[in-house]
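The numbering of the sequence shown is my numbering, which starts it at 7 and goes up by one.
All C-beta atoms, glycine included, are put in the ideal place defined by N, C-alpha and C.
Since we're looking at a predicted model, the values are computed, not measured.
Worksheet: one structure, shown below.
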Amino acid sequence: MVLHLVTNRKAKNPLSIVRALLPEEEAALRRVKQGIDLPGEDPVYRATVASARAKRRWILCDCRDGSPRERAIVTLVRKDSGLIHLSNIPRTEVPHVKGCIFAPGEGARRRKPAIVFGDVLRPVAGRVRASEEEPGKGPQRRLTGPGTDSQSSTLAGHLHRLMQAASLHRLSVSEGFAAPEEWLAAIRRTAGTFRTPEDIAMSDLLVMDPKAWASGHVAKVLDRLEPQWPNKGTPCAWLCWMARDIDGCEVNRAHPALGHVRVLADMAFPTVMGNRVEGPWLFFGEVGRSPESGRWECLEACARPIASARCPVPVDSHNERRALGALRSVIWSLENNAELGEALGGAVRIDLEKPLFDIRTVGGPCRPDFILTVIRPGGGGRGRRPHGGGWTP
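Right under this line is the structure:
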């Protein structure tokens with residue numbers, strides 16, 4: 007889904023799509039709404055909204071599917087400061103989906119100091135991860151492959167190992183994708199290196215096409231596999247794609263084209279102060295035969311928040327998403343600083359990594375929010391510095 011420029015309601019052809027926003031234009035608007043940038047800071051944001059307002063255009067939000075009249079609208083308002091802000095039509099018939107970044111007051115809510123300080127000052131009590139290694143959580147179906155061990159049995163653990171093996175936790179890799187289809191393809195390639203207890207390649211059981219699930223094709227394939235499944239067991243499959251909305255036990259209910267799934271059990275996802283971290287998410291669910299209905303259904307699932315649709319670095323909170331944006335800007339500035347490069351004898355390279363599992367240190371197990379690796383010119387020296395996080399008990 008993408009944002010579109012449309013004619014306003016006073017135009018001869020109201021709500022007619024003019025064009026889709028370019029990826030850099032959409033990213034600039036989202037950064038401002040997320041509080042990463044201010045309206046006056048980003049030249050791409052300023053140029054996009056100034057041109058749209060001058061031509062009396064509105065912005066069609068992507069939080070709902072359907073025709074322009076079935077989707078929410080974002081308007082452009084010039085404040086006393088002269089800056090153009092993103093706004094909404096009062097008492098509109100088509101509101102934004104709950105949690106949409108462009109919904110009225112959503113940006114301000116996310117920038118409230120109470121949320122920020124609560125997240126920073128109460129990291130242990132307030133922040134709860136989708137438990138990936140906790141015994142007794144999720145299906146006990148162990149996998150073998152890169153980075154696995156005897157405790158690799160939960161859905162969240164499987165998803166984290168897939169993301170890590172595909173290097174999606176590294177900014178240098180994740181920011182190079184032009185669309186979600188590219189990094190989802192990287193996950194599929196990585197799945198071929200993992201094997202189930204029945205010695206079947208995980209990629210053979212990984213479903214990444216929502217149409218295959220919606221059409222019932224997945225159920226037909228599992229029906230064919232069941233009679234010949236090793237040890238007379240029950241086959242399984244995994245669903246994996248991006249989620250734009252989560253409503254209770256339903257995924258992509260407002261975006262059925264992206265893959266609507268109803269999960270039988272409560273989903274696992276990170277929370278902050280008891281509130282689910284907002285999306286977009288990478289959804290991962292296990293399909294099996296339901297003990298109650300006997301049908302093939304999604305029995306359990308987890309949802310891992312990611313930075314954005316085009317940058318699938320996993321995050322544990324919205325503040326972490328904002329911090330990633332800020333660190334990304336700092337990294338770009340340092341790597342492109344001519345004076346620094348001249349002083350060091352060449353350009354410095356910095357890699358940012360999001361740890362998905364605890365790392366062992368002299369002080370005990372630790373999982374920082376991010377790890378920055380600085381590589382000096384010529385590869386003569388490396389320095390790793392954790393950013394955020396804390397020691398786990």
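May I ask you to list the residues that DSSP assigns as paired with residue i?
i	result
residue 291	245, 307
residue 8	Paired residues: none, contrary to the question.
residue 253	256
residue 206	In the DSSP output, where bridge partners are listed per residue, residue 206 has none listed.
residue 357	379
residue 213	245
residue 91	83
residue 26	10
residue 72	For residue 72, which the question treats as bridged, DSSP gives no partner whatsoever.
residue 371	366
In terms of residues, what are the limits of the alpha helix (DSSP H) holding residue i?
i	result
residue 150	That residue, residue 150, is in no alpha helix (DSSP H); it is neither H nor E in DSSP.
residue 31	29-40
residue 186	186-197
residue 329	324-341
residue 54	49-60
residue 225	223-231
residue 165	161-171
Would you mind sorting residue i into buried or exposed? The rule is 16 or more other CB atoms within 10 Å of its CB.
i	result
residue 249	buried
residue 142	Because residue 142 carries a pLDDT of 35, less than 50, the predicted location of this residue cannot be relied on, and no value is offered for it.
residue 118	Residue confidence for residue 118 is low, a pLDDT of 39 falling below 50, so the modelled location carries little weight; the figure read from the coordinates is stated next. Classification for residue 118: exposed.
residue 236	exposed
residue 322	buried
residue 400	Within the shown structure, residues of the chain are numbered from 7 to 399, placing residue 400 beyond reach of any answer.
residue 234	exposed
residue 370	exposed
Between residue i and residue j, which are expected to be in contact by the criterion C-beta below 8 Å, what is the C-beta distance as a whole number of angstroms?
i	j	result
residue 11	residue 79	With a Cβ gap of about 11 Å, residue 11 and residue 79 do not count as contacting.
residue 92	residue 44	Contact doesn't hold; Cβ gap of about 13 Å is too wide.
residue 211	residue 242	7 Å
residue 196	residue 165	Incorrect: roughly 11 Å between the Cβ atoms, too far for contact.
residue 376	residue 359	7 Å
residue 103	residue 70	6 Å
residue 401	residue 346	Past the boundaries of the shown model lies residue 401; the chain is included only from 7 to 399, so the question cannot be answered.
residue 193	residue 255	23 Å between Cβ atoms; not a contact.
residue 257	residue 219	Contact flag wrong, Cβ pair sits at about 11 Å.
Would you say residue i and residue j are within 8 Å of each other, going by their C-beta atoms?
i	j	result
residue 9	residue 27	yes
residue 290	residue 161	yes
residue 52	residue 82	no
residue 308	residue 273	yes
residue 293	residue 368	no
residue 286	residue 252	no
residue 382	residue 185	no
residue 67	residue 77	yes
residue 19	residue 62	no
residue 271	residue 231	no
residue 200	residue 151	yes
residue 318	residue 265	no
Please determine whether the Cβ atom of residue i lies at a distance below 7 Å from any heavy atom of the ligand FMN.
i	result
residue 259	With respect to the ligand FMN, the structure shown offers nothing to examine, as it has no ligands at all.
Locate the beta strand (DSSP E) running through residue i, then write down its first and last residues.
i	result
residue 319	317-320
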